[in-house]
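Protein chains in written order, with our numbering: chain B, 3 to 319; chain X, 3 to 319; chain S, 9 to 644; chain F, 9 to 644. Glycine included, every Cβ here is placed at the ideal spot set by N, Cα and C.
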Amino acid sequence: MFGLQSECMLHVPEQYHTLSDYEGAQPRWCPSCGDHAVLTAVQKVCREKQLPPEKTVFVSGIGCSSRFPHYMKTYGFHGLHGRPFPVAEGIKFRRPDLDVFVATGDGDCCSIGAGHWIHAIRYNMNMTVMLLDNEIYGLTKMQTSPTSRKGTISNTHPHGSILPPINPLITTLGVANASFVAQTVDWNPAHLYSTLLAAHSHQGFSFVRILQRCPHFSPNLFAEEISNPDLTVLLTHENGIEAVEEVQKMYKNSVVHDPADMNEAREIAQREDLIPIGLFFCDPSKEQYDKYGASNIGFSPQKKADALNVEFEKYAV
Amino acid sequence: MFGLQSECMLHVPEQYHTLSDYEGAQPRWCPSCGDHAVLTAVQKVCREKQLPPEKTVFVSGIGCSSRFPHYMKTYGFHGLHGRPFPVAEGIKFRRPDLDVFVATGDGDCCSIGAGHWIHAIRYNMNMTVMLLDNEIYGLTKMQTSPTSRKGTISNTHPHGSILPPINPLITTLGVANASFVAQTVDWNPAHLYSTLLAAHSHQGFSFVRILQRCPHFSPNLFAEEISNPDLTVLLTHENGIEAVEEVQKMYKNSVVHDPADMNEAREIAQREDLIPIGLFFCDPSKEQYDKYGASNIGFSPQKKADALNVEFEKYAV
Amino acid sequence: MLNANLDELTTTDNNNSAAEISGIKAKPLKECIIEIVSDAGEGAQKAGQSFGSVSAKMGNGVWTVEIIPAEVQPPARSRAGASGIRIRFGSNKITNMGDEADLVVAFNEQVLYGRIEQDAYKAGTIILIESKWKNSKVPEIKEEYAQALNEFKERGFDVREILMEEECLKHVDNPSKGKNMWVLGMLCSIYSRDVTKAEAQIRHTFRRKSEKIIESNLRLLNAGYSWAAENIELKFQIGSEMKQVPRLVMNGNEAVGMGVMAAGIEVCSMYPITPATSVTHYLSEVFEKSGGLVHQAEDEIAAIGFAIGASYAGKTAVTITSGPGMALKTEFIGLASMAEVPLVIVDVQRGGPSTGLPTKVEQGDLLYAIFGQPGDTPTVVLAASTIEECYHFVILSRQLAEAFRMPVILLTDANLATGVQPFTRPEINLDSFSPPVNQSPWKKEIRPYEWDEKTGISQRPIPGQADGMYVLTGLAHDEESHVAYDSHINQLGCNRRSRKMAAIHKTLTPPKINGDESGDLLVVGWGSTLGAIEEAVSLARKMGGSVSSLHLRFLSPVEPGLEEIFKRFKKVMTVEINYGDEENDPLITQENRRRTQLSWFLRAHTLIDVDFLAHIHGQPMRPGFILQRLKKELGL
Amino acid sequence: MLNANLDELTTTDNNNSAAEISGIKAKPLKECIIEIVSDAGEGAQKAGQSFGSVSAKMGNGVWTVEIIPAEVQPPARSRAGASGIRIRFGSNKITNMGDEADLVVAFNEQVLYGRIEQDAYKAGTIILIESKWKNSKVPEIKEEYAQALNEFKERGFDVREILMEEECLKHVDNPSKGKNMWVLGMLCSIYSRDVTKAEAQIRHTFRRKSEKIIESNLRLLNAGYSWAAENIELKFQIGSEMKQVPRLVMNGNEAVGMGVMAAGIEVCSMYPITPATSVTHYLSEVFEKSGGLVHQAEDEIAAIGFAIGASYAGKTAVTITSGPGMALKTEFIGLASMAEVPLVIVDVQRGGPSTGLPTKVEQGDLLYAIFGQPGDTPTVVLAASTIEECYHFVILSRQLAEAFRMPVILLTDANLATGVQPFTRPEINLDSFSPPVNQSPWKKEIRPYEWDEKTGISQRPIPGQADGMYVLTGLAHDEESHVAYDSHINQLGCNRRSRKMAAIHKTLTPPKINGDESGDLLVVGWGSTLGAIEEAVSLARKMGGSVSSLHLRFLSPVEPGLEEIFKRFKKVMTVEINYGDEENDPLITQENRRRTQLSWFLRAHTLIDVDFLAHIHGQPMRPGFILQRLKKELGL
Ligand SMILES: Cc1ncc(C[n+]2csc(CCOP(=O)(O)OP(=O)(O)O)c2C)c(N)n1
Ligand SMILES: Cc1ncc(C[n+]2csc(CCOP(=O)(O)OP(=O)(O)O)c2C)c(N)n1
Ligand code: SF4
Ligand code: SF4
Ligand SMILES: [Mg+2]
Ligand SMILES: [Mg+2]
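Printed below as a string of structure tokens:
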């Protein structure tokens, strides 16, 4: 144990960070994998916000998408399959000074990680969560995921999957204390960027489901939606995702949705005819568990010793 | 391995079952625990439906509420904390002839079991699920549960709990393929009974949240609601829980709610002013995973051998 | 740092001679075991704890242990419902709950049966029993009571009937609420306790209650005291022969909780599970004040993941659980070992396997702690043998976890968890409260796993340190923490992580031997059986037996010198609360005999034929049980 | 039961003499190791598998093993991207992948480097390399290629440049799609393979593709064949000396999958994890037809819980996983043992600890399987050593699980999972398909755990059986399955569950010794190292070494007679793909040396000083690696 400097009040040199300051190892995703676009957007958000790389932590589970931290030049935690949330919570709990991002996959988050996901929503700690939803298990080579559409042909369901998919948006909206729920797509860099920027700016658990292409295992999954922007509906509102002109031009279907309206958010999320993108719900007033975590940090050794002494007194004979 | 009789097509003697045919060990819950009322109601449902005790299985996790199977005279599986659902699913998967009930607690289901809960809803297997929600950990002596109201004083939060509670109804309603969601209370035996009867009659995953008193650890929890029936709102509908006169007389507040209306169901479930009881949502047309499980049972040994031989051929050199 | 109470303590009447109370000469005793048993909720434990504290304050050695009913919600007046407390106290240090009790106060006859089934009493044990039952209006009860009393007498117990409730009614309206304090008063009289200390204790216990309640309890205390002085001819005196130093008295779980604070830990992440939870109940009350917080996670997996996250981020963390909770932590313990995240894991062992015996003691997690991982996962495992060690070993665990950058599993058990014992008030070391890593700027050229070739030790950067950035991973990785599947890198990483164990081993010294350095029999133990083993060994030695014992605190790496020590004894035998096949069980041979965990471990370690004495009764080891076997082994 | 293919097999030209093809005399070989290496996705594995099948059909012994790139999505032309296949084949049975290859076909020079780093080749190894790179328009590539070729020659490889793609272009438009088949043709020529068998194999492999694709592949096959016949002076002939019996050829995971069907199992519950998942890919295709279903659960905990539920309900069940998945199953395995639910658990071991080396081989789950549980949890652990055993041991596991009403862990590993080997076509036994319990009426007086005093065995009722009703629990329980915390009941239950292990032990026979019954050195192995160990031992014996080996299939309970056998040898040593400290590592002493899992286990079991030879290279054990150590030990 050391005693030189403490309580994580570290000196951060002031300097302007360029994109390359956030670029870690060479990504090893398949060439046209949707994850690349997300990585680029995130790096831009970091630059835009000028996040100090050493104060930024990317946490993930296991999966193609969970390789994310390796490709950032920040701190990273590439942990266990399904468990990014508890780790991210522990990191954030007593370190209000850190910017925490979570990169997770549909298997990682919605299957093995489902319990932690539900509870992470409820804890509502300040972190930016990207669900890279390719509706398949990528890393383990094409098994059905909870978000795979019914009838999906996969290695575990060669005759077609049995059940309708979980809708991660509605599930998230169904958990008490949800505070930020958005959806975007990997193939629209502008919307992707604005959404992640908004998510990062939100104080609380910002959950962004990103529809992500896995050309390797489901080459045609979003082909129709990509070729026909009319299959997408853009949610707009003054409190929503910032309206970029090019995005608005692209998507002719749009609805004005107030992200304060939970009931409408759920109704829109339920739609199966079109892909809704934008901000579904946002309430910055929700209880934040990380505020509790930060409530008593930085006690001096003497203060701790005094508290212990008070306890000794109670048990002294 | 034996070969006498097989495929679980067992001879069930025809006889009329009385209540005592369903009564197992002497319950060891605290004298005025709400679990007693649930047990009684369930035993009545069994009698009403004349369930063959040997074809009925009660599955639970760990907790006061999970002691349930011991007090039934049927088959029972008192398993691991948080894991009643996977076990119940495994039991039901290839045994369409069995009637499966799950008794679980708010910790068992909504905390450690949350991931399985979400997926059990989605599997939508035909079983009757009773969430005995006392908003506290009973067996381990009064710790905060995910359904404990914010500010609850417990042994793990002696200064009051931090977060708003999970609402198990909304969470369940948020999971794709949910097919039956109801709420009732332990202190109204008539409504409790009708609700469980309806749940049991539904084909699919019938989820019933039962507000359950734990006088031992939270004596005043529902005191107000019990003394003042106006704090309860009764959901009525021709497709809802059967309207018993005494129940209708008791609860002056009632709303007609069509259990086919998911959006309204969520809105009602969200209410915090009153306790809504009745059927929130019901859709018997949802995909049932147990039907898949039962799709190829009962093959003769010869048929199995033939299939294996076909495989051998493919790999023969 | 000392307080008023301690001044009181140091002026304690240290005299050992028989005192004279109410005219009867008190018989001096070296030590004594008493019990109070009742239905759950009748306050027996509160009375016993107060009695223990008073005795501790009078300079006695004390060990109290709760009697927990087998059933969660047992019916009244049932054998399975026996609830209460045992207090063993004496003029010297007391290290275990002992064998049969000398005296028991029973609130009904059925709970006594429950304790008789546990062999809690012997012929001659004095039974002070509430006799209101003989006047019961329920004929069955009357009958049961009468029958039981006959049986007790036949068993040779010294039965004395007392109308306790009737006595209480003379002083309060509702005797069911305060009978326990009346009993406390009675016991104070019988054992010549300082009644002003008992009064102070009551004031302390009920400090959050109204003055009215305190008054009523004090009234009953004094009533019980006077009644006994006048109506019971039993009078004993237990003096103190111990050096009077400032002491604390608490149970093992409180000691762990205090250890967590003393270790400078900031995050305690848990999910409730018996018998570990009370550590966190305690911490939930007071941790905030020393700059820490308890996190109740959604399950045990999340609890350890959270702690690992906190530790990765430079915050000291502990996770606390018991058997089934340990099972769930398996995967994350592997990650902590692989990615070298310092972490303290406290396992308050209970009876297994599976959900098993949630409230009862066992030592069944030893091999799980050492080997319970897919792949090679170096992990430090230590075990506390006393309540005092519960405190100190948490501090040690943190130090090891950080110095060697790895998970440390600290094993305690249900016996330590609920046992209460005074121990020397520890010094507080301000150094313990330092943050885990030097947070001055990280040198760019140092890699995140810059393994020292000899010791495997490396320094770790934490988020916030510029130039220290790395991506932690549970995949095979090189010194840069880059994922690497090359043969030699995997070999290197495993090797470096393993070397840390050798480095720790080098810092350890051989265990001290209790008794002669060589002889006929060596008894080896670990954990909460220490007191019982040493007591049995010293009794056997007094009987002329050539027997010694040693007790292990470090199980992984195990303390050095064992083979050499074992060779000096004709036979080596462990004593464990664990399962092992008996030699003469049907079908059992030397070859297929499934051995207890420690004996099995020591066989591999020393290649010496280590035998064992074991049970899994869910009960602490008793000195008498051990002595019986020692006598057999030694031909005494 | 025999089919056309088999008739073909039995009429195979069994002659061993050198054949004459295209004028060059084919050199007869006893056996041979070849590799095809390429970037991922270039079809090397398909070509190699076809080559292996053709060789098996020609009556050869064959072992093929996939070369899996270290990276998931490696860039093209990179060392880490080496992907492909090794085929070892010979006139006798082949049991492992061998040492250095004799010949390799490489699609670029960088992947060859990747293999060189793995010591895949020796001086003299023939390298047939695609030489289009020397004409590359990218100067770096040209340069890299030239430089590599020089280096290869310096290393003594026999390098031959071939413009493979150019040759293919003569027959198809897009050579990148069919080059692998051209290579297959070339190899068929070099090794005198029956080209009509190769054609049949191509038709089979592409049976779901269009006739056009099949035609194009056949064209390339024949083109490669003719080209080689005319342009390469290498010609070898490998005859068959094996008894021609009907055989199946598959990898270990397919064998497990078929074993599941052959065992009459009805439910396979899983969560995807490498390298176990492909078992369930296979089953997902075909299980339905034999009356079973695969359930993909939400996680590994649910997967085992589901299987336990199914088994409780009288349906035979298996759950299949690998390291991290095993970690998650810990708690439920404890329940299955405690509540005596028959269950087969297949663990396809991969490199650990933690997420470790997901695609690579290790034997690191041994002690976890035996001891990885809080509390005493008797569990049967067996290990398959060959692909054939992967099949048969699933059946055996089911039988044991049911006869003894307990969980059985079957260990295989990544080497068996992806290795391909022909084995005797098994007999199908209709009895295997019986339901697990006699479902005639249950006798009321029989309790749900009516433990046989001697063997611990009891019969179990299943839901549906009137009068058999009971409530299963993981809490301590008596024979009625009633929760009971009494000391003697807990002792009794643990004892009865333990006795089943002694009962199983009694049914086992001592392992067969490969070599003399006594001597200087005994090598002990388990699992997939069998072939390599026996090959090395027989080589050492031919060199005059006094060495034998034995291989364990049952690890818990372990096979009888070991101590007695070990004593007949001067030294005993395990061979394992596991971590162990080297004797001469810094700080390491005999005392603190962390030993490999099997050697450690055997020390405790026999009290004999068992040494080890081990690595954790993520690679199968090679006979040459073992031989080297044997020579040292035996002074050869
Ligand atoms: C405990 C455990 N179980 C299973 C696995 C195997 N595994 C790795 S990634 C993965 C799923 C990946 O799917 P997803 O989360 O959707 O990520 P993607 O690869 O599609 O980005 C699985 C099952 C594991 N590593 N650990
Ligand atoms: C793996 C594991 N973790 C923790 C426990 C301890 N435990 C038993 S019951 C329980 C919670 C009980 O609360 P709830 O589910 O609400 O049931 P209740 O007792 O209130 O009916 C806990 C934490 C356990 N048995 N196993
Ligand atoms: S497999 Fe799919 S998800 Fe994974 S890297 Fe390739 S394209 Fe992306
Ligand atoms: S503690 Fe609460 S939930 Fe448990 S039995 Fe008693 S009243 Fe019921
Ligand atoms: Mg995915
Ligand atoms: Mg509860």
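query = Is it right to say ASN503(F) is buried, meaning 16 or more other beta carbons lie within 10 angstroms of its own, or is it exposed?
reply = buried
query = Is any beta-carbon of chain S found at less than 8 Å from that of GLN126(F)?
reply = yes
ask   = Would you report the Cα separation of GLN209(F) and LEU195(F), rounded to the nearest angstrom?
value = 14 Å
message = Determine, for ILE64(B), whether the minimum Cβ-Cβ distance to residues of chain F falls below 8 Å.
response = yes
inquiry  = Assuming GLY632(S) is part of the alpha helix (DSSP H), what are its boundary residues?
reply    = 631-642
ask   = Residues in its own chain within less than 6 Å of SER536(F) by CB, not counting five upstream and five downstream?
value = ASP421, ASN423, LEU424
inquiry  = Please report the straight-line C-alpha distance between VAL381(S) and GLY342(S), rounded to a whole angstrom.
reply    = Reading off the sequence, residue 381(S) comes out as Gln, not Val. Each residue's alpha carbon lies about 7 Å from the other.
key: Interface positions of the stretch 336-365 of chain S facing chain C (Cβ-Cβ less than 9 Å), listed along the chain   = Looking for chain C here will not work: the only protein chains present are B, X, S and F.
query = Using the beta-carbon of each residue, which ones in chain B are nearer than 8 Å to TYR125(X)?
reply = LEU165
ask   = Which bits of chain S does ILE299(B) rub up against, with CB to CB less than 8 Å?
value = GLU274, GLY299
key: Closer than 7 Å: HIS202(B) CB and nearest ligand 2 heavy atom   = no
ask   = For the beta strand (DSSP E) that contains VAL257(S), what are its first and last residues?
value = 255-259
task = Let me know if ARG268(X) comes out buried or exposed under the rule of 16 or more other beta-carbons within 10 Å of its beta-carbon.
result = buried
task = Assign ASN143(S) to buried or exposed, taking buried as 16 or more other Cβ atoms, counted over all protein chains shown, within 10 Å of its Cβ.
result = exposed
ask   = For ARG358(F), is the classification buried or exposed, using 16 other Cβ atoms within 10 angstroms of its Cβ as the cut-off for buried?
value = buried
query = Which residue from GLU567(F), GLY132(F), ASN182(F), GLU174(F) puts its Cα closest to that of LYS161(F)?
reply = GLY132(F)
inquiry  = Can you tell me whether GLY36(B) sits near ligand 5, meaning its C-beta is under 7 Å from at least one heavy atom of the ligand?
reply    = no
message = Rounding to the nearest angstrom, what Cα-Cα distance links LYS575(F) and THR146(B) in this structure?
response = 54 Å
query = Would the beta-carbon of GLY89(F) be found less than 7 Å away from any heavy atom of ligand 3?
reply = no
key: ILE29(S) versus SER61(S): straight-line alpha-carbon distance, rounded   = Its pLDDT being 49, under 50, ILE29(S) is placed unreliably by the model, and the measurement read from it follows with that caveat. Their Cα atoms are separated by approximately 21 Å.
ask   = Excluding sequence positions up to five away, which residues of its chain have a Cβ less than 8 Å from the Cβ of THR19(S)?
value = Low confidence applies to THR19(S): its pLDDT is 33, below 50, so where it sits in the model is not reliable, and the reading given next is rough at best. Cβ neighbours of THR19(S) beyond the five flanking positions: none.
ask   = Starting from GLY317(F) and walking both ways along the alpha helix (DSSP H), at which residues does that stretch end?
value = 308-320
ask   = If you measure from the CB of GLU207(S), is any heavy atom of ligand 2 nearer than 7 Å?
value = no
task = Following the continuous alpha helix (DSSP H) through TYR153(F), name the residue where it begins and the one where it ends.
result = 147-162
task = Drop a sphere of 10 angstroms on the beta-carbon of VAL649(F), count the other beta-carbons inside from all chains shown, and report buried for 16 or more, exposed for fewer.
result = In the structure as shown, chain F starts at 9 and stops at 644, and residue 649(F) therefore has no counterpart that could be examined.
task = Please confirm if the stretch 438-452 of chain S is in contact with the stretch 545-553 of chain S, defined as three or more CB-CB distances below 8 Å between the two stretches.
result = no
ask   = TYR376(S) touches chain X at which residues, Cβ-Cβ below 8 Å?
value = Near TYR376(S) there are no residues of chain X at all, since even the closest Cβ is about 16 Å away, more than 8 Å.
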